[in-house]
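*Asks:*
Residue numbers (the numbering used here), protein chains in the order written: chain A, 4 to 558; chain B, 5 to 100.
1. Measuring straight from C-alpha to C-alpha, what distance separates residue 303(A) and residue 171(A)?
2. Give the C-beta separation of residue 217(A) and residue 128(A) to the nearest angstrom, bearing in mind that I take them to be a contact with Cβ-Cβ under 8 Å.
3. At 8 Å on the CB atoms, spell out the chain B contacts of residue 433(A), in chain order.
4. Does any residue of chain B have a CB that is nearer than 8 Å to the CB of residue 80(A)?
5. For the stretch 55-81 of chain B, which residues have a beta carbon sitting closer than 9 Å to at least one beta carbon of chain A?
6. Is it true that the CB of residue 356(A) sits closer than 8 Å to the CB of residue 540(A)?
7. If we call anything under 8 Å between Cβ atoms a contact, is residue 416(A) one with residue 466(A)?
8. Can you tell which of 394(A), 134(A), 118(A) has the C-alpha that lies nearest to the C-alpha of residue 108(A)?
9. Does residue 199(A) come out as helix, strand or coil in the three-state DSSP assignment?
10. When the Cβ atoms of the stretch 420-430 of chain A are set against those of the stretch 47-56 of chain A, are three or more pairs found closer than 8 Å?
11. Report the start-end ranges of each beta strand (DSSP E) in the stretch 139-207 of chain A that is 3 residues or longer and not cut off at the edges.
12. Please state the DSSP three-state secondary structure of residue 264(A).
13. Express the C-alpha separation of residue 49(B) and residue 66(B) in angstroms, rounding to a whole number.
14. Contact criterion: CB-CB distance below 8 Å. Does residue 9(B) meet it with respect to chain A?
15. Under the rule that 16 or more other beta-carbon atoms within 10 Å means buried, what is residue 88(B), buried or exposed?
16. When you check each C-beta in the stretch 32-65 of chain A against every C-beta of chain B, which residues fall closer than 7 Å?
17. Given that residue 430(A) touches chain B, what residues does it touch there, using C-beta distances under 7 Å?
18. Here's the rule I'm using: 16 or more other beta-carbon atoms within 10 Å means buried, otherwise exposed. How should residue 87(A) be labelled?
19. Classify residue 13(A) as buried or exposed, calling it buried when 16 or more other Cβ atoms lie within 10 Å of its own Cβ.
20. Just the C-alpha distance for residue 100(B) and residue 478(A), rounded to the nearest angstrom, thanks.
21. With 8 Å set as the bound, which would you pick, yes or no: does the beta-carbon of residue 6(B) sit closer than that to a beta-carbon of chain A?
22. For a quick check, are the C-beta atoms of residue 375(A) and residue 64(A) less than 8 Å apart?
23. Could you give the distance in angstroms between the alpha-carbon of residue 360(A) and the alpha-carbon of residue 57(A)?
24. Measure the alpha-carbon distance for residue 112(A) versus residue 46(B) and round it to whole angstroms.
25. What three-state label does DSSP hand residue 34(B) in the structure shown?
26. Compare the C-beta of residue 84(A) with all C-beta atoms of chain B and state if any pair is closer than 8 Å.
27. Rounded C-beta distance between residue 470(A) and residue 185(A)? I'm assuming under 8 Å.
28. Select from 354(A), 263(A), 15(A), 102(A) the residue whose C-alpha is nearest the C-alpha of residue 95(B).
29. Determine the chain A residues that contact residue 49(B) at a beta-carbon separation under 8 Å, and present them in chain order.
30. Would a check of beta-carbon distances place residue 16(B) closer than 8 Å to chain A?
31. Residues in the same chain with beta-carbon distance under 7 Å from residue 16(B), minus the five sequence neighbours each way, listed in chain order, please.
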């Protein structure tokens with residue numbers, strides 16, 4: 004893992020001291036709310052429905068056991084004993100007192116963490132594929148590049164007041180697990196015909212009220228040009244992005260308004276002018292950063308684990324866990340284990356302090372002290388010997404976190420919704436819980452196969468509903484919650500924005516409607532090998548509309 | 005028309021309701037109620053003074069009504085959730 008150098012440590016400590024002073028001045032009345040609000044947001048502190056909320060950055064979703072234990076400590080000491088992992092690989096505490104936030108940030112700094120740039124119109128926490136550095140299908144680990152981008156973008160003076168927020172994601176394998184095409188800027192690591200590693204670059208994706216799939220701006224960017232090219236993009240966005248209308252200010256709107264060809268011309272011109280100024284990545288510096296992310300020393304092991312196979316044969320719950328939560332590692336005899344934060348009927352992404360500590364222990368004992376946060380709001384043990392999977396499973400059973408449901412109908416992304424969020428128009432979490440209970444953790448969910456349901460409590464789309472195979476958007480219709488369904492969205496390398504099916508459903512109706520969509524899929528699929536998304540892509544939306552609306556009505 | 009004034013505590017962020025100048029309660033049932041726009045306006049002036057006095061932030065008026073059981077409750081779901089807390093069982097349970 005990356006370790007802070009003197010500069011990083013000094014910079015974070017200085018920010019904690021600054022914020023401590025700002026909070027003191029706010030509480031003494033020296034600063035009023037209008038003066039203070041931008042300062043607290045720069046440090047990740049929001050005011051939500053019930054209380055303040057603190058959003059903590061987990062750079063590229065990588066955590067050590069020590070850091071996870073610190074989060075557990077903060078949850079107990081300063082919050083209500085739990086935290087919420089988000090779709091941006093961050094962690095949110097829902098109940099901190101403002102007066103405690105400087106102490107919380109000081110605690111975080113002791114384990115090389117902070118909340119800087121988790122809000123505001125700046126370059127936000129850089130996210131990556133949660134299996135980075137471990138996945139069997141990986142071309143190259145994207146985390147060193149993410150760390151380089153983090154260093155470059157942290158309190159970058161030119162990019163601290165962008166027209167709007169700017170989110171960067173990187174993905175290291177052909178399978179896109181980082182949803183790069185719905186980010187402002189996405190880097191897909193590729194190998195060109197000459198065998199060189201570089202990036203295919205995507206610009207202008209995003210969700211919210213104007214969902215757009217990113218446009219490809221460059222087929223192949225040499226890796227040494229990562230910062231110079233990012234800089235050119237940010238310069239053009241900073242100059243040309245709209246500042247007159249918050250809803251038209253993201254880079255996706257700039258790309259949509261001018262067309263990707265015009266934006267590419269402007270970016271390439273700036274890139275050509277400044278390419279060699281000072282932002283070319285020296286190989287030695289890249290190597291220095293990459294060394295922090297080296298694969299841990301893993302002993303040779305037989306590819307097949309007798310312990311796993313024996314348990315699989317005798318325990319259906321373990322067999323499901325092995326089947327859905329464990330994916331191939333680069334090294335034979337190892338696996339990547341995803342811990343589902345979606346227990347049946349649970350709150351997606353929530354994790355208690357006790358669970359955090361148990362997971363930190365598992366990471367320390369079985370995964371070389373390393374954890375990841377997935378943007379699907381799950382946690383990952385990236386380097387696990389297959390022989391250890393039964394022991395991990397047993398510990399997770401004790402914590403109520405052994406659901407073998409990754410990628411299935413119950414692995415639901417949901418934003419906090421109206422239960423917490425000041426922007427929300429409807430609740431998300433109870434809908435997720437009821438869908439989860441309806442389908443359960445048994446054979447039914449397994450038979451349905453891969454199916455992503457994403458739920459947002461408002462048009463800002465923190466729950467990624469636009470790219471759910473089934474997306475659910477909660478709205479407020481004359482004071483009553485109404486849930487609109489979109490179909491056919493996808494966040495992977497075949498990225499698509501889901502299409503709205505028709506009028507919304509009440510809270511009472513929505514679960515039955517989702518079940519009807521699933522039953523329709525089961526009737527229409529050519530076989531189990533054709534998953535939900537493939538079936539929709541083959542047959543279109545009409546048979547699904549007919550299943551949930553009266554024929555002819557509102558269609 | 006029936007309204008109460010709500011806000012969040014400055015130091016802790018917790019939802020509070022206006023009782024009198026400088027006095028706020030966490031329980032909506034103990035809040036002072038107002039039945040005219042003029043009274044609401046006057047109460048908001050007092051609330052703003054409590055913003056300046058560093059007690060609270062973001063005061064606003066909340067429309068309420070009598071529930072079937074006769075209790076007063078906010079008309080909108082958003083304000084009902086603010087008053088009663090999340091509608092979900094969010095507190096951690098000890099592992100079994």
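For glycine and all other residues, C-beta sits at the position ideal for the given N, C-alpha and C.
*Replies:* According to the structure shown:
1. The residue you call residue 303(A) lines up with position 300 of the first chain. The residue you call residue 171(A) lines up with position 168 of the first chain. Approximately 36 Å between the Cα atoms of the pair.
2. Against the first chain, residue 217(A) aligns to sequence position 214. Against the first chain, residue 128(A) aligns to sequence position 125. At roughly 18 Å, the Cβ-Cβ gap does not stay under 8 Å, so residue 217(A) and residue 128(A) are not in contact.
3. Within the first chain, residue 433(A) is the residue found at index 430, counting from 1. 91, 92, listed in chain order.
4. Counting from one through the first chain, the residue named residue 80(A) turns up at place 77. Not an interface residue.
5. 55, 56, 57, 58, 61, 62, 79, 80, 81
6. What you label residue 540(A) is simply residue 537 of the first chain in a count that begins at 1. What you label residue 356(A) is simply residue 353 of the first chain in a count that begins at 1. Cβ distance not < 8 Å, so residue 540(A) and residue 356(A) don't count as in contact.
7. Stepping through the first chain from its first residue, residue 416(A) is reached at position 413. Stepping through the first chain from its first residue, residue 466(A) is reached at position 463. Taking 8 Å as the Cβ cut-off, residue 416(A) and residue 466(A) qualify as a contacting pair.
8. Position 105 of the first chain, counted from the first residue, corresponds to residue 108(A). The shortest C-alpha separation from residue 108(A) is found at 118(A).
9. Along the first chain, read from residue 1 onward, the residue named residue 199(A) stands at position 196. In the structure shown, residue 199(A) sits in coil (DSSP, three-state: anything other than H, G, I, E or B).
10. yes
11. 171-174, 188-194, 200-206
12. Residue mapping note: residue 264(A) aligns to position 261 of the first chain, counting from 1. Residue state, collapsed to three classes: helix.
13. Working through the second chain from its first residue, we reach residue 66(B) at position 62. Working through the second chain from its first residue, we reach residue 49(B) at position 45. Cα-Cα distance, rounded: 15 Å.
14. Walking along the second chain from the start, residue 9(B) turns up at place 5. Taking Cβ atoms only, chain A never reaches closer than 8 Å to residue 9(B), which makes this a no.
15. Residue 88(B) sits at position 84 when you count from the first residue of the second chain. Burial call: exposed.
16. 32, 36, 50, 52, 53, 54, 55
17. Working through the first chain from its first residue, we reach residue 430(A) at position 427. Going along chain B in sequence order, the residues near residue 430(A) (Cβ under 7 Å) are 91.
18. For the purposes of this step, residue 87(A) is taken as the residue at position 84 of the first chain. When all chains shown are included, residue 87(A) counts as buried.
19. As a working mapping, residue 13(A) is identified with position 10 in the first chain. With fewer than 16 other Cβ atoms within 10 Å, it is exposed.
20. Position 96 of the second chain, counting from 1, holds the residue named residue 100(B). Position 475 of the first chain, counting from 1, holds the residue named residue 478(A). Low per-residue confidence applies at residue 100(B): pLDDT is 48, beneath 50, and the placement is therefore not dependable enough to give any value.
21. Within the second chain, residue 6(B) is the residue found at index 2, counting from 1. Cβ-Cβ to chain A under 8 Å: no for residue 6(B).
22. The residue labelled residue 375(A) in the question sits at position 372 within the first chain. The residue labelled residue 64(A) in the question sits at position 61 within the first chain. Contact annotation: residue 375(A) and residue 64(A) have beta-carbon atoms nearer than 8 Å.
23. Counting from 1 along the first chain, the entry for residue 360(A) is found at position 357. Counting from 1 along the first chain, the entry for residue 57(A) is found at position 54. So the alpha carbons of these two residues sit roughly 20 Å apart.
24. Here the question's residue 112(A) lines up with position 109 in the first chain. Here the question's residue 46(B) lines up with position 42 in the second chain. CA-CA distance, residue 112(A) to residue 46(B), rounds to 45 Å.
25. By 1-based counting over the second chain, the position of residue 34(B) is 30. Helix.
26. Looking up residue 84(A) in the first chain gives position 81. By this cut-off, residue 84(A) is an interface position.
27. Mapped onto the first chain, residue 470(A) falls at position 467. Mapped onto the first chain, residue 185(A) falls at position 182. With 8 Å as the limit, residue 470(A) and residue 185(A) qualify as a contact, their Cβ atoms being about 6 Å apart.
28. For this step, residue 95(B) is matched to residue 91 along the second chain. Comparing Cα positions, the closest option is 354(A).
29. Translated into the one-based positions of the second chain, residue 49(B) becomes position 45. The premise fails here: residue 49(B) is roughly 17 Å from chain A at the closest Cβ pair, so nothing lies under 8 Å.
30. Translated into the one-based positions of the second chain, residue 16(B) becomes position 12. By this cut-off, residue 16(B) is an interface position.
31. Residue numbering aside, residue 16(B) sits at position 12 when the second chain is read from its first letter. Within the same chain, residue 16(B) has no close Cβ partners at all.
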